[in-house]
Every structure is written in structure tokens, then in C-alpha cells.
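Data block below; observations after.
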Amino acid sequence: PPDLEGARLALVPDADDARSTLAFPALLLYPLRLESDLIRAFNETQTLGDHLAYVLPPPWDRERAYTAAGVSCYVETRGGGVLRMGKRVPLLKVLGSGRVDVVDDMVRIFVVPTARADEWVAEFKAQKAAERGAAR
1 PPDLEGARLA
11 LVPDADDARS
21 TLAFPALLLY
31 PLRLESDLIR
41 AFNETQTLGD
51 HLAYVLPPPW
61 DRERAYTAAG
71 VSCYVETRGG
81 GVLRMGKRVP
91 LLKVLGSGRV
101 DVVDDMVRIF
111 VVPTARADEW
121 VAEFKAQKAA
131 ERGAAR
């Protein structure tokens with residue numbers, strides 16, 4: 001796994017309190033730019049929009065293609081596909097769908113400009129299909 005800068009899966013605010021909720025480290029991946037951002041604590045009750053509001057636009061995005069309103073976000077499914085992650089949907093609902101695995105205790109979210117989302121999804125699926133074919 002990448003360097004998490006001390007971030008880890010944790011019950012917050014107190015591991016001994018039954019009312020605590022899970023907070024996951026999350027990696028925002030910008031595959032079209034080969035960039036990433038680490039969210040140290042993405043609480044299961046929070047939405048992607050809660051985090052996009054302060055992460056976007058990133059300093060490297062001179063074209064302003066990466067804005068909270070102008071991106072589509074995806075998580076990889078168990079079958080190697082992608083699931084679009086709504087910006088107002090709590091993380092718990094996405095992970096509770098049973099279709100998404102949390103690998104190395106980290107949530108990985110792909111962020112792409114909406115104008116190029118269909119193209120990226122098609123490329124992602126083709127790459128995964130090729131990987132599955134090569135593994136046989």
C-alpha cells in the first residue's frame with residue numbers, strides 16, 4: 001500500500017464507544033493525470049462531496065477540468081468493473097452494497113472529468129478484461 005502518513009482504519013471518536021463510526025483512509029486517484037490525493041479519515045457517514053469541496057480544484061489543474069461539479073467518481077467492483085459513486089451518498093451505503101472491496105484498509109476512488117468519464121470507463125474495463133485474459 002502507499003505511504004498513508006499515519007492514516008489508518010479506525011473507530012472514531014473512541015474505539016471503545018459503541019456509537020463510534022468507522023473512518024477509512026481514502027485515496028483519490030486521478031488516472032488521466034497520474035496524480036492522487038490522500039484523505040486521512042473518510043468517515044462512513046460522510047459523502048464524497050464533503051471531501052471534494054476542499055480537495056478540488058487541485059493546484060496542478062490549470063485547465064480547471066477537476067471541479068466538484070465537473071467530475072465523476074468511481075470505485076472498482078469485485079468483478080473488475082466500476083461503480084459510479086454519487087457525491088451525496090454516504091460512504092457506508094457505497095461499501096455496504098457488497099460490490100466494493102476495501103483493499104489494504106483503504107478506499108480507492110477514481111476521479112475523472114465528466115466530459116471524459118465514458119472514455120475512461122471503457123478503457124478501464126478493457127484493461128481489466130485484458131488482465132483477466134492474460135491470467136488464464
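Per UniProt numbering, the sequence shown starts with residue 1, numbered consecutively. Each residue gets a CB set at the ideal place from its N, CA and C atoms; glycine is no exception. Because the structure is a prediction, the values reported are computed rather than measured.
Limits of the beta strand (DSSP E) - the one that residue i falls within
i   : result
Y54 : It is not in any beta strand (DSSP E) - Y54 instead sits in the alpha helix (DSSP H) that spans 48-55.
V12 : 10-12
R84 : 82-84
CA nearest to the CA of residue i, picked from the options
i           : options             : result
F42         : A126, R78, V102     : V102
residue 214 : D17, R40, T45, R19  : Outside the shown range of the chain (1 to 136) lies residue 214, about which nothing can therefore be said.
Y74         : V112, W60, T45, D17 : V112
Expected contact under 8 Å - CB spacing of residue i and residue j to nearest Å
i           : j   : result
residue 202 : S72 : The requested residue 202 does not occur in the structure, where the chain is confined to residues 1 to 136.
E35         : P58 : 7 Å
T67         : L56 : 6 Å
Residues bridged to residue i [DSSP beta-bridge criterion]
i    : result
S72  : V112
S36  : L29
M106 : V103
F42  : F24
T77  : V100
For residue i, the first and last residue of its enclosing alpha helix (DSSP H)
i   : result
V94 : 91-95
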